[in-house]
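Numbers 1 to 75, taken from UniProt numbering, label the letters of the sequence shown in order.
For glycine and all other residues, C-beta sits at the position ideal for the given N, C-alpha and C.
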Amino acid sequence: MARNSTGNLTVQGSPTASITTANFFNESDKRASIACVLCRKRKLRCDQAEPCRQCERRGLRCEYALTQSQSQRVD
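1. Quick one: what's got a C-beta closer than 7 Å to leucine 60's C-beta in the same chain, skipping five residues either side?
2. Would you report the Cα separation of alanine 65 and cysteine 36, rounded to the nearest angstrom?
3. Under three-state DSSP, which class holds alanine 46?
4. If you measure between the beta carbons of glutamine 48 and isoleucine 34, is that distance less than 8 Å?
5. Less than 7 Å between C-beta atoms, sequence neighbours within five positions excluded: which residues of the same chain meet that for glutamate 63?
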């Protein structure tokens, strides 16, 4: 694979000759946008379950911190 001048990855001999960088990475490789406190602190992948898999495996309490936009909501 090589990058061409437009920033796309190219694969020689493939029916689809160029693959954009965004499409190159698998969708399942994306991280959760909101991680629990433990995963965020330890920089681990969080599956956003309650409790998440990382906390469940360690037998710890899984807590999610409120984001700034969540704490500013007025109902």
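Quick look at the numbers:
1. Leu38
2. 7 Å
3. Inspection of the sequence shows that residue 46 is occupied by cysteine rather than by alanine. Cysteine 46: coil per DSSP, three-state reduction.
4. Yes, the Cβ-Cβ distance between glutamine 48 and isoleucine 34 is below 8 Å.
5. Cys36 and Val37
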